Structures are given as C-alpha cells and as structure tokens.
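Visitor:
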Amino acid sequence: MIDKNYQPSDVEGRIAQAWEEAGAFKAGRPDRAKAPAYSIVIPPPNVTGSLHMGHALNNTLQDVLCRFERMRGKDVLWQPGTDHAGIATQMVVERQLMERQMPGRREMGREAFLRRVWEWKAESGGTIVNQLKRLGASCDWSRERFTMDEGLSKAVLKVFVELYRKGLIYKDKRLVNWDPKLLTAISDLEVVQVEGKGQMWHFRYPLDGVTFNAEDPATYIAIATTRPETMLGDGAVAVHPDDERYKHLVGKLVKLPLANRLIPIIADEYPDPEKGSGAVKITAAHDFNDFEVWSRHRDKDYFKKQLNGGLINLFTPEAKMNENTPEQYRGLDRYEARKRIIADLEELGLLDKIETITNAVPHGDRSNVVIEPYLTEQWYVNAHELAKPAIAAVREGKTNFVPKNWETTYFNWMENIQPWCISRQLWWGHQIPAWYGPDDKVFVASDEAEAQAEATKHYGKAVELRRDEDVLDTWFSSALWPFSTLGWPDKTPELARFYPTNVLVTGFDIIFFWVARMMMMGLHFMPDIPFGDVYIHRLVRDASGAKMSKSKGNVVDPLSIIDDMGADALRFTLMRNVAPGHDIRLGPNDVENNRNFATKLWNAARFVEFNGAARVAGFDPKSAKESLNRWIAHETAKAGAEITKALEEYKFADAAGAAYRFVWNVYYDWSVELSKPLLTGPDGAAKDETRAMAAWALDEILKLLHPFMPFITEELWRVTAEQGPARTSLLALGEWPSLDGLTDDKAEAEIGWVIDLITAIRSLKSEMNVNVPIPVVLAGVSGETQARAQRWAEFIKRLARVSEISSAPAAPKGSVQLVVRGEVAALPLVGIIDLDAERARLAKEMQKAEADIKRVDAKLGNEKFVANAPEDVVDEEKAKRDEANGRKAKIAAALEALKGA
RNA sequence: GGGCGCGUAGCUCAGCGGGAGAGCACCUCCUUGACAUGGAGGGGGUCACAGGUUCGAUCCCUGUCGCGCCCA
1407 MIDKNYQPSD VEGRIAQAWE EAGAFKAGRP DRAKAPAYSI VIPPPNVTGS
1457 LHMGHALNNT LQDVLCRFER MRGKDVLWQP GTDHAGIATQ MVVERQLMER
1507 QMPGRREMGR EAFLRRVWEW KAESGGTIVN QLKRLGASCD WSRERFTMDE
1557 GLSKAVLKVF VELYRKGLIY KDKRLVNWDP KLLTAISDLE VVQVEGKGQM
1607 WHFRYPLDGV TFNAEDPATY IAIATTRPET MLGDGAVAVH PDDERYKHLV
1657 GKLVKLPLAN RLIPIIADEY PDPEKGSGAV KITAAHDFND FEVWSRHRDK
1707 DYFKKQLNGG LINLFTPEAK MNENTPEQYR GLDRYEARKR IIADLEELGL
1757 LDKIETITNA VPHGDRSNVV IEPYLTEQWY VNAHELAKPA IAAVREGKTN
1807 FVPKNWETTY FNWMENIQPW CISRQLWWGH QIPAWYGPDD KVFVASDEAE
1857 AQAEATKHYG KAVELRRDED VLDTWFSSAL WPFSTLGWPD KTPELARFYP
1907 TNVLVTGFDI IFFWVARMMM MGLHFMPDIP FGDVYIHRLV RDASGAKMSK
1957 SKGNVVDPLS IIDDMGADAL RFTLMRNVAP GHDIRLGPND VENNRNFATK
2007 LWNAARFVEF NGAARVAGFD PKSAKESLNR WIAHETAKAG AEITKALEEY
2057 KFADAAGAAY RFVWNVYYDW SVELSKPLLT GPDGAAKDET RAMAAWALDE
2107 ILKLLHPFMP FITEELWRVT AEQGPARTSL LALGEWPSLD GLTDDKAEAE
2157 IGWVIDLITA IRSLKSEMNV NVPIPVVLAG VSGETQARAQ RWAEFIKRLA
2207 RVSEISSAPA APKGSVQLVV RGEVAALPLV GIIDLDAERA RLAKEMQKAE
2257 ADIKRVDAKL GNEKFVANAP EDVVDEEKAK RDEANGRKAK IAAALEALKG
2307 A
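All residue numbers for the first sequence refer to this note's numbering, where the first residue is 1407 and numbers rise by one.
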C-alpha cells in the first residue's frame, strides 16, 4: 500500500541504502561487461568542504547524466573523490590548533603537524561525501579516491619527474605572487584583483647636477606611483623613447631621494606618454612590469653596478622593510613605511600632489591580504608548451565545450598562458621530489634512493642530500584526476575502459584552474583527451539575484532544503532552472513548487493503486484497443522522445520541463481524468486494458523522472511492485523507455478533439458564469465527429459538466457557438446568459480572425513573398488562411444566430 | 583597455528568420470519492532603443543606452 503522504526524510535514507546494498552504482558490473562504457569524474570537492548550492547543482547535473546513461544500459563509472586542498586544509587545522590552544604548526614541526592533518582528515574528511550521498549522487563509492592517497601520489611523482626531465618543469628565480600572511608563493589564478579607491602619489625626483627647485620643473623629473614605499628600491626612471619632453634627459641621472643613490633615466617602450607625467619609476623587484623593463636593460652598466644588478628587494617575507632599506625604515610594516616615506618626501618638498583614483589591488584568494610581487626561486611548469596540444584538441573538436562560447574564453587564456608556479611554501601537499647536494645542485627523482644514486654518480661519492621543503600546488594533482583516479601510471583495466571520460561537468570559475590543466596533463601523459565534452554551468544565486556568501548571510543550505522538502524537490528545481549562460536564481518558492510536483506524483500513484490498476505481466501498449489508451501511449512516447533528445544535448531544463508538463498537464490532468469513468465503470476488457495502461504509463513516468527525482521514483517503483509481477531490478538499474511504434495520430485526433471540446466548454461556462450543467448541440458536424461524441459522451458530460449531447444540422437559434477543431458545438443558453456578453465575446473572436486573415492575405498578396519564400511556408500560410476564413464564417454564423434571440 | 554574455508578461527565464511562450505571482470560480502541497477559467508584453539586410526580423548585421562577468 502506498502511504497517504510522502515523507522524503523517511524514505531517502532507506532508498540510498538499497542502492548501496545492490551495488547499483558500481562500475564494471558483470552484467554490463559487453555494454558501452560511460564515465564522468567528479570535480573533487575540498576535503574540508561542506555541501553548498554550487555542489548541489554540479552534482545533480552529473547524476542526471549518469542515471540516464545507466538506465540506457551503459556501464557507468561516476568516479568520486576529494581534493586535499593544500592551503585550505592547512588553514583549517592550524585554526583548530589555535582554538584548542595547542602548539602551532611550526612549534610542533612538520612531521607532527602532518600527522595531525591526517587525523583531522580521518575524522572530518567524510562529511562532504555523506552529503553528496544525501543528494542522491550515484557515484561508484567503492572507488573513492583522495588526491593524496598512495596511488595518486605515485602519479604526481611520475608526472613531476617526467616533466622535469623533459625540461617542462624547471626552477626559476623571478617575481612571484607572494602571500605575506601565508608566507608562500601562489599562482596568478589564486590572485584576485580587488577594485577600490586608492591614491596616486606624484613625486619629484631631483635631477643630478642641478640645484633642486620645486618651482622649476627643469630641475626634477616628475613620477607618479601607487606604491611609494617601493621607491627605495628604484633602479631607474624610464621614459618613452619618442617622448620629446624627455629626450634630452635620457642617460642623465636623478638623485633617488631618501635612498640617496643616483639612478639613470632610461628609454623604454613601457611608459605611456599619455599617462601622468610620462615618466615612471622602475622598481624591478616589486613590480611585474618593472621587472620586464629591467630584464630588457639588465646588461647595461647602469644596472650592473647597482646593488644586486638593480633588482633590489626591500621586503622580508612578511612584507616588512628589510636590510636593503635605510635604517630608519627597517622592520617597519609596508604600510607604516609608506606613511613615513610620504611624510619624509613631503618634508623635502618632493611631494607634488596626491590624486584619488580607483585601482585594482591584488589579494590572495585564501588569505585575503594584499599580495606582493616578490623575488624568490620557485618551480614552474612550462604551460606555454603544454598548452599547444590542449588548444589544438578543442580547435579540432575532439573536446567540445557546452555552451560553445566558453571555447573563446579557453582559447584567450591558453594562448596567453604564463609559466605556472607550482611550488608552495606549505606542508600539506605533495612534497616536491627534488633533493639538493652540498653545492645546491638539484636531483629530481621518484624517491630519495634514486636521487642519492644520481648524486653519488655526480659527485663521485656519497653525499648528504637535503630534500626540497616545498609542496606542489593542489591543482597539480587535480590536473591528473581523470587518469590518476583510474589507476595510472599502472595500466589498469579501468583506464582502458573508462578513459577518455565522456563529459566533464563543472563551473565556469574553474575553467582555468582545472579544465585547462587537465587538458594539458591529459594530452601529455595519455594518448587521448581527458574528456569529450565539457559542460559548463554557472552560479546559483539567492532569490534576489545576489551571490550567496557567508558574510551576506544569504546562503541557502542545500541540506536543510533536503531535510525540509526532499532531495528530489531540490534536484528538480535546479534542473528546471539551469540555463546555459545564466546564473540560477533560487527562491524558496521554486523548491516548494517542485515539492508539490513530487506530491502530485505520489498521489497519482495512489490513485492508480486505489483503482486496482496493477501492472500486468507481458502487457504491450501497442496492443491497446481503446483510443484513450492508445492516446496515452502516444503521448508517453512523445514525451519520452523529447526528454531523451534534450538529455542527449545537455538541455537539462528542457528535459525536466518536458517531463513536468507531460506528467502534470497530460497524464494527471487528462489521462487520469479521462480514465476515471472507465476505471470506476463496469468490469470488462476495456476496464482491464485501462488499468493495465494506467499502470504501464506510471511505470514509464517513474523511469523518465528517475534521473531527476531518484528517491521518490525508486520508492514508488518498490511499492508498486507489491502488486502484479515482481520487479527484476531496482529502478536505478531499470531500462530507459524505448517507445518506438506508439505514435498514433488517429488516437490523437480523437482524444485531442475531446480535450479541446471540454476545454472550450469549460472556458465558455467560466467566462459566462454558468455553473449548472448545460446541453451541447453539435451543429452540422461530420459523421465521424458524431460518432466520437457518442463514444465520449459520458466523459464530456462529467468533465465539462454537460447535461446532454446531441446533433443537429444547424445550431439552434440564440445559441452560443464554439468552434472546436473546425467544427461547431452549440450551447443553447438563451435565458441563461447575457446575450450581449456573448455578442461581445464573438466580436472579439471575430476581430482576431479578421486580423489573422488580414496578416495572411498581406503575405500571400505579396508577389515577392510567394516568389521567394519556400514552398512549404507558402502552403502553410494558405492553410492558415483557409483555417481563419472557416473560423470567421462560423463566428459570423454564430453572431447571426444570436440575432433572432 | 581587451573579451564574453544579457536586456521578451509583475518576477525568473524559454524561444533565436515565417501565427509572442512556460513556471511563479495575480484575479475569478470550485469543500466533485488520488491530491486545497489540489481542480477549472482568466487578465497581462510597440520582444531595451535606432538604423540596416530580407518578400518577411523578438530572432541575422551595425550602432546607442543599461546591466553582469572574465582578463589586463
């Protein structure tokens, strides 16, 4: 028996367990050994993570695809796992240590700290996985991976060593994005530009050899900067070579204030003569652009003879002024130093003016502090080289973005890609497999023994090696995810069967972080692309369109929605609203509406059961005799085809919408209603067939909805099995409907007419405020229609509240006439309704008909249209004209008929 | 500054060369035996603006205005 109410919270856990026990989501099920493979790798959530709405969307999309393909008989692998999330996890554990007033990371040392992190992972790392299960994610959980587990770490080592040996990984000393709070380098992508109000300070640098006079521009050169504190490290002032104002000064020297050094004025293409004074200070060690300028001139004497060749670092790792700065500033924080330097320059009359501007300041995406361009030695990947095949693969269409326009974004970035800084001064992560000899010569190897062997060979004796302390960027290991999770570098059967994966589903925000890098690594280490399609989705926003954020307090927690309304309601809401190229707005109302849909489904199943409509073994919908039943099969087939096509094209909203409309507006509103008289009528073949068909259609609905609403459909699949033949499998492993050969235009013509007639009568009665049963006279209709009316008389009477149906050659005087599929149904309503109102209604109809005719006539009267438009379009227009003319005649007749009343 | 995208019913969005659509919201009616988490009916739009291409433009092109995002 189906319970009166559907309680998701009671059911979902039990259903999840049933799936688990049946091993429903296991890839490589023996019964599917010969089936085509289908695979998706999950974007591994951070092991520190908790399910948010973005995860809910991302994973529902994947789950819909996996369940759809699984039901289509494929051997599906949805590969799950989590990411060690270097910085994020290290921060979580450090915070925890602090809260518990335990010794900090550095006090406890690397080994103890890492042990601590692993402990933390063992305790809390499973949270997100359990939350994904609550959403209904049909991953093969037996294959769960972690980016730092043994196999994946082996893959990381191999990749690092191989790329190093090919020269695609190298060590370099250059400016990096340095996080002065976390004390590590980060990659370009981890820097977020925060736009805000800032200041531009204009300074005067006195020229050498003349007496400085603030009133006389000939005695100084004006420069402007947003970073006054870095002026202490200036190595030059640059002007554009074509800038007439400064041509005579190139080669001259200026007295760098406060630092009391002489620095040259040089010519370089970099300064923009239109901006500011046209002269810029060059601080090679603290600005990326300046570093480039310096690189072009580094061989010149004027740099060579400066401290460190003109590359003067001013900061400690914490961004405090270091020993290269004048004594009075040493040890000061960068912003304190800024204040002092401005004041000191002002004192000397060297501050010209301060402008308020808006500018973008780089911030660390994790620490949220201002990032410093900082001179350090780091490991880099030659991304430029690895990008080439990755670009080609998309250009050649081997990998396709959905929607397509993301390819532009991908190309733009890939074609201008910069070296990828992969070393991090952290502890939690894959430690870089590099060892240094006594003279700092580096030996990169898969393990210490191998490195030792190489070193011994190199030095001619055994030496003590020191391992590189740094770890790799988290995204380094995630870049290997599509093949490392399948067992690479071992040649596993899974790798052979499931790589390349079919599709990657992910948010637009990690195209660069992840998608691009998987493409690069996949194409370098595997013979093929990592995935055929890349489905890109966007953000889930709150009801008012604001980005969800903890600080705004507008975060909608998917788990609490699941608690309240069920995972199915949430999933279906997301799927009905996901639109490529648009963020999703999620209001509580939306989920409620889809919860109501689930309720509707539940109640319809109860109705079917209540009416003794149990599944019949071997029932073939093609064998149905009753036109109603043939029509239901016809509509089911239509919906099935629509949903299938939409899912194949990643049109999730279309698929969900088609399912919604079919289930509610076709099956419940019409099929169930029209079946009632048969189901409650006398026993017989027609009743049996209708029962069987009702149960069959419900089964098909459960299948079609399963990818979207797995829990409630699986539960109904289970309870409906209490009657009729036993089920052979869980719905999750059931067969996707194949509904060929059920199309039936004759049944559509018949039932469609009945529906249109009922709708027209209802509409008229409602408009005219008629609440009593009224008679209907079919006026001058064909014999076929008369026969139909007879067959469906009971239904029409019941559903349209009609007292009697009869036929006559013409409409009775003073009756209201409705045109239904080209034929007239007359309602003798004299004395019941206001005939003026009816005249007004008809006048409106007439206007519409005339407007239609006018428009079509204008077209058909246009020679150019007839000459140029495709034939079928012209024919269509002619048919429209005929239809409208017919309609007009019927309305005119109806108006005429009212005259006598 | 470069790139991508969006302006269609009160709201959220489909449609993307030949009759303006859906869901929600709104209004009216309905305690009919699966469901008021329901049923029936209804109103509501110079498809941002201006040009162009076309027999025909919400749809293609150009420009303007407004909004969003990414990169510099």
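We treat Cβ as the ideally placed atom computed from N, Cα and C, and that holds for glycine.
No experiment lies behind these values; they were computed from the predicted model shown.
Please state whether DSSP places A2030 in a helix, a strand or coil.
Guide: Coil.
Visitor: Quick one: what does DSSP say S1593 is sitting in, helix, strand or coil?
Guide: Three-state DSSP puts S1593 in coil, outside helix and strand.
Visitor: Would a C-beta distance cut-off of 8 Å place M1981 and A2062 closer than the cut-off?
Guide: Yes, they are a contact pair.
Visitor: With a CB to CB cut of under 8 Å and the five nearest residues on each side skipped, what residues in its chain are close to L1901?
Guide: Within the same chain, L1901 has close Cβ partners F1889, L1892, G1893 and W1894.
Visitor: With DSSP as the reference, please indicate the residues paired to C1827 in a beta bridge.
Guide: BP columns for C1827 point to Y1786.
Visitor: Kindly confirm or deny that the segment 1828-1848 and the segment 1860-1878 touch, where touching means at least three C-beta pairs closer than 8 Å.
Guide: As far as the Cβ criterion goes, the segment 1828-1848 touches the segment 1860-1878, which means the pair count is three or higher.
Visitor: I'd like the span of the alpha helix (DSSP H) that includes L2007, first residue to last.
Guide: Run containing L2007: P1994 to F2016, per the alpha helix (DSSP H) assignment.
Visitor: Pairing CB atoms from the segment 2182-2189 with CB atoms from the segment 2088-2108, are three or more of them under 8 Å?
Guide: No contact exists between the segment 2182-2189 and the segment 2088-2108.
Visitor: Is the segment 2042-2050 in contact with the segment 2062-2074, if contact means three or more CB pairs nearer than 8 Å?
Guide: Verdict: yes, contact present.
Visitor: How long is the line joining the alpha carbons of V1447 and W1484, rounded to whole angstroms?
Guide: Straight-line Cα distance between these residues: approximately 6 Å.
Visitor: Going by DSSP, what residues sit across from F1849 in a beta bridge?
Guide: Paired residues: W1841.
Visitor: Does P1779 come out as helix, strand or coil in the three-state DSSP assignment?
Guide: DSSP places P1779 in strand when its eight states are reduced to three.
Visitor: Using only the alpha-carbon positions, how far apart do V2078 and G1531 sit?
Guide: For V2078 and G1531, the distance between alpha carbons rounds to 48 Å.
Visitor: Helix, strand or coil for G1951 per DSSP?
Guide: If DSSP states are grouped into helix, strand and coil, G1951 belongs with coil.
Visitor: Find the nearest neighbour of L2163 within the set L2148, A2199, V1562 and D1771, judged by alpha-carbon distance.
Guide: With distances taken between Cα atoms, L2163 lies closest to A2199.
Visitor: Quick one: is T1454 buried, meaning 16 or more other Cβ sit within 10 Å of its Cβ, or exposed?
Guide: Under this definition T1454 is a buried residue.
Visitor: Report, in whole angstroms, the separation of the C-beta atoms of W1425 and A2138, which I expect to be a contact under 8 Å.
Guide: Yes, W1425 and A2138 are in contact; Cβ-Cβ is about 6 Å, under 8 Å.
Visitor: Which residues does DSSP list as the beta-bridge partners of G1602?
Guide: Per DSSP, N1765.
Visitor: For K2093, which residues of its own chain have a beta-carbon under 8 Å away from its beta-carbon, when the five flanking residues on both sides are left out?
Guide: Excluding residues within five positions, the ones whose Cβ falls inside 8 Å are L2084, L2085 and G2087.
Visitor: Could you pull out every residue in the same chain whose Cβ sits closer than 6 Å to the Cβ of A1665, ignoring the five residues on either side in sequence?
Guide: So the qualifying residues of the chain are L1638.
Visitor: Quick check: G1737 and M1727, are their CB atoms within less than 8 Å of each other?
Guide: A contact, by the Cβ cut-off of 8 Å.
Visitor: Would Y1941 be called buried (16 or more neighbouring beta carbons within 10 Å of its own) or exposed?
Guide: Y1941 comes out buried.
Visitor: According to the neighbour-count rule (16 or more other Cβ atoms, all chains shown, within 10 Å of its Cβ), is A2043 buried or exposed?
Guide: The residue in question, A2043, is buried, as its Cβ has 16 or more Cβ neighbours within 10 Å.
Visitor: Check for me: the alpha helix (DSSP H) holding V1417 runs from which residue to which?
Guide: Counting along the chain, the alpha helix (DSSP H) containing V1417 begins and ends at P1414 to A1428.
Visitor: Out of R1667, P1647, T1862 and A1628, state which residue places its alpha-carbon closest to the alpha-carbon of V1686.
Guide: When only C-alpha atoms are compared, the closest one is A1628.
Visitor: State the start and end residues of the unbroken alpha helix (DSSP H) segment that holds D2278.
Guide: Unbroken alpha helix (DSSP H) run through D2278: E2277 to K2305.
Visitor: For D1614 and L1659, which I take to be in contact (beta-carbon distance under 8 Å), what is that distance rounded to the nearest angstrom?
Guide: The pair is a contact, with the Cβ atoms about 4 Å apart (cut-off 8 Å).
Visitor: Just to confirm before moving on: does the CB-CB distance between V1946 and L1992 stay below 8 Å?
Guide: Yes. Within cutoff.
Visitor: V1482 lies in the beta strand (DSSP E); which residues open and close that run?
Guide: Taken as a continuous stretch (DSSP letters only), the beta strand (DSSP E) holding V1482 covers D1481 to Q1485.
Visitor: Counting Cβ pairs, one atom from each stretch, are 3 or more of them under 8 Å apart for the segment 1818-1833 and the segment 1534-1546?
Guide: With the cut-off at 8 Å, the segment 1818-1833 and the segment 1534-1546 do not touch.
Visitor: By the three-class DSSP mapping on this structure, what secondary structure does W1607 have?
Guide: Three-state DSSP puts W1607 in a strand.
Visitor: Looking only at its chain, what residues have a beta carbon closer than 8 Å to the beta carbon of L1589, apart from the 5 residues adjacent to it on each side?
Guide: Only P1723, E1724 and Q1831 meet the Cβ criterion.
Visitor: Quick check: what's the CA-CA separation for E1802 versus I2107?
Guide: Answer to the nearest angstrom: the Cα atoms are 39 Å apart.
Visitor: Determine whether the beta carbon atoms of V1523 and T1495 lie at a separation below 8 Å.
Guide: Against a cut-off of 8 Å, the Cβ pair of T1495 and V1523 comes out as a contact.
Visitor: Quick one: Cα of V1616 to Cα of Y1626, how far?
Guide: For V1616 and Y1626, the distance between alpha carbons rounds to 9 Å.
Visitor: Just the C-alpha distance for K1810 and A2059, rounded to the nearest angstrom, thanks.
Guide: Taking the straight line from one Cα to the other gives about 17 Å.
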